[in-house]
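K.L.:
Numbering (my numbering), first residue to last: 64 to 278.
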């Protein structure tokens, strides 16, 4: 498996002395975007803008495309070749291919898409991950913070998705199950299919999107 690409959207670090505001110190931390700095957010829906396009807040639908959610290529359709084997993930929004509406009207629609070695995936994950490409909600199931980190797990050497608010970790190879921290359940998964060189949504989210009831 190739090493994670430090120039991609979510950059891993392994620094025992790193410190990130608003979270408990850990031996390895990562700051992805401005959202990660003191991003202890409640799991609430933003108010809909008056000029929001119809369908922008609807959950991902079958046949939606995935487009980049950040960076110089924001809005570009994500293709399999855009993903580095072994990560890091790209943050993405679903896009209705018929209306061209990007479903960014709700933060609950944002996902992380990662390409992993198919041989490392458990059966449930492999069944919805074409060519090892997995996709999960970025909303932590603990307090609704955004998942902003891709780094080595607290108790091992694998790279995992991590919430920097309260240090919950999720293994994308095992259905995004919780492997560390206070999160009560796994991340919601978005089944995918690759067709005609494009990554598309195969079905709606599996599992509950968002934080546990009561925050």
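We put the CB at the ideal spot given by N, CA and C, even for glycine. A quick note: this is a predicted structure, and the numbers were derived from the prediction, not measured.
What is the DSSP secondary structure of residue 170, reduced to helix, strand or coil?
P.N.:
Three-state DSSP puts residue 170 in a helix.
K.L.:
If residue 156 sits next to residue 164, beta carbons under 8 Å apart, how far is it from one beta carbon to the other, in whole angstroms?
P.N.:
Not confirmed; about 10 Å, so no contact.
K.L.:
Would residue 123 and residue 250 qualify as a contact pair, given that the criterion is a beta-carbon distance under 7 Å?
P.N.:
Contact flag unset, no.
K.L.:
In this structure, what does DSSP give as the bridge partners for residue 242?
P.N.:
DSSP, once it has assigned bridges, lists no residue as partnering residue 242.
K.L.:
Under DSSP, the beta strand (DSSP E) around residue 188 begins and ends at which residues?
P.N.:
Careful: residue 188 lies outside any beta strand (DSSP E), inside the alpha helix (DSSP H) at 186 to 189.
K.L.:
Could you round the C-beta distance between residue 193 and residue 256 to whole angstroms and report it? I think they count as a contact, below 8 Å.
P.N.:
Yes, residue 193 and residue 256 are in contact; Cβ-Cβ is about 6 Å, under 8 Å.
K.L.:
Residue 143 and residue 176: beta carbons closer than 7 Å?
P.N.:
No, Cβ-Cβ distance for residue 143 and residue 176 is not below 7 Å.
K.L.:
Rounded to whole angstroms, what's the CA-CA distance from residue 159 to residue 128? Just pull it up for me.
P.N.:
Going from the Cα of residue 159 to the Cα of residue 128 covers about 7 Å.
K.L.:
Along the chain, which unbroken stretches of the beta strand (DSSP E) at least 3 residues long are found entirely within the segment 111 to 139?
P.N.:
Here the runs fully enclosed are 128 to 131.
K.L.:
Between residue 222 and residue 270, is the Cβ-Cβ spacing less than 7 Å?
P.N.:
Result no, Cβ atoms of residue 222 and residue 270 do not sit closer than 7 Å.
K.L.:
Helix, strand or coil for residue 178? Go by DSSP, reduced to three states.
P.N.:
In this structure, residue 178 counts as strand in the three-state DSSP scheme.
K.L.:
From which residue to which residue does the beta strand (DSSP E) around residue 233 run?
P.N.:
Element bounds for residue 233: 232 to 234.
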